[in-house]
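Start counting the sequence shown at -12; every next residue gets the next number (the numbering used here). Where is the CB? At the ideal position from N, CA and C, for every residue including glycine.
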Amino acid sequence: MQLRAIRDIYRKELESLYPREEIDSFFYLVIEHHLKLERFVLVLQPDLHLTKEEETPLFHSLARLKAHEPVQYILGESFFYGMRFIVNPSVLIPRPETEELVSWILKDLEGTGTSINILDIGTGSGCIGISLAKNYKNCRVVGMDISEEALETARINAKRQEVKIEFIKADIRFWGTPADRWDFIVSNPPYVRISEKGEIRANVKDFEPGVALFVDDEDPLFYYRHILSYAKEHLKNRGTIYLEVNQYLAEETKELLEIEKFSEIELKKDFLGNTRMIRALWSTI
Ligand SMILES: C[S@@+](CC[C@H](N)C(=O)[O-])C[C@H]1O[C@@H](n2cnc3c(N)ncnc32)[C@H](O)[C@@H]1O
């Protein structure tokens, strides 16, 4: 069958589920992954013909896409900060807004050259810690998560990116985290309220790990409270905390930081204009 005809089948079969641009981007990811074909192949070779053997994985992926499975889980990989990360249903698929949090931290480090200790709480695939270690050489990074399966994935990702990171299993609710003193603590904790589930697409809520996403409506800043109480004890004087936040709860998160006596608190918007990140300083004197 012609590759173009398969692309048209993707468009037809998925049109009720996803916008056209997204369907095309799935298709190009799938052909790149399975056949090592570049996205402009249809422009260069409009009549390209595939063998039965070549077609089969494309139709398997299509069936899984129709069942709402995220393309990143189907292919087992996702791109983050210019790197290829292994993903599976034990880890959240890294998001572009989290790349912006990483950029913010790296920008703050630009030109400093100082040696720093960084703790990444709720590391998941390891995307934040690994991107920091890869782009700022003079740091020691520790990633922690409650999920052993996630940590296993993060370890593989660190190895593939050739960065040395220590990954530890701990639960932020019980202060099981390491007793070191940190220059930076960074976290993208679970922050989606159960009541927001309606706004979330099936490919997220049915496939991505609930433990990575959801919090009770009664106490949506639950993880932030635990992270801040840990940070107050374990950040060095003038250490910095960076957090990804729920866009609807950004002001509340800022207030929580004020109550906990953090200073120089700054909220930041992502590329879509949603308030998604916060940075604050911890001073003991
Ligand atoms: C929103 S995901 C973030 C994953 C990754 N850092 C990222 O930005 O893509 C939150 C992570 O927190 C972890 N987590 C949930 N509850 C936790 C807890 N009590 N202690 C430590 N980690 C926890 C989840 O397993 C998940 O990997």
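The Cβ neighbour count for Asp203, taken over all protein chains shown within 10 Å, is under 16; the residue is labelled exposed. Here Lys121 is buried: its Cβ has 16 or more other Cβ atoms, across all protein chains shown, within 10 Å. The C-alpha of Gly113 lies about 8 angstroms from the C-alpha of Leu138. Remark: the C-beta of Ile214 is outside contact range of ligand 1, defined as less than 6 angstroms to any heavy atom.
Relative to the Cα of Gln234, the nearest Cα in the group Ile265, Phe249 and Lys219 belongs to Ile265. Around the CB of His213, 16 or more other CB atoms lie within 10 Å, so the residue is classed as buried. When secondary structure is reduced to three states using DSSP, Ser102 falls in the coil class, being assigned neither helix nor strand. When DSSP states are grouped into helix, strand and coil, Ala267 belongs to the strand group. By the neighbour-count definition (other C-beta atoms within 10 Å, threshold 16), Gln32 is an exposed residue.
Where Arg7 is concerned, the enclosing alpha helix (DSSP H) starts and stops at Arg7 to Leu22. The distance from the Cβ of Phe249 to that of Ile228 is about 7 angstroms, consistent with a contact at the 8 angstroms cut-off.
Distance from the Cα of Phe161 is smallest, within the candidate group Tyr217, Leu79 and Ala237, for Tyr217. Here DSSP, grouped into helix, strand and coil, assigns Gln148 to coil. Secondary structure at Thr262: strand, using DSSP grouped into helix, strand and coil. Pairing Leu35 with Leu(-10) gives a Cβ-Cβ distance under 7 angstroms.
Here Leu45 is actually not in contact with Phe13; their C-beta atoms are around 11 angstroms apart, not less than 8 angstroms. No heavy atom of ligand 1 is found nearer than 6 angstroms to the CB of Pro76.
DSSP places Tyr123 outside any alpha helix (DSSP H), giving it a letter other than H or E.
Ala189 is a Cβ neighbour of His55, given a cutoff of 7 angstroms.
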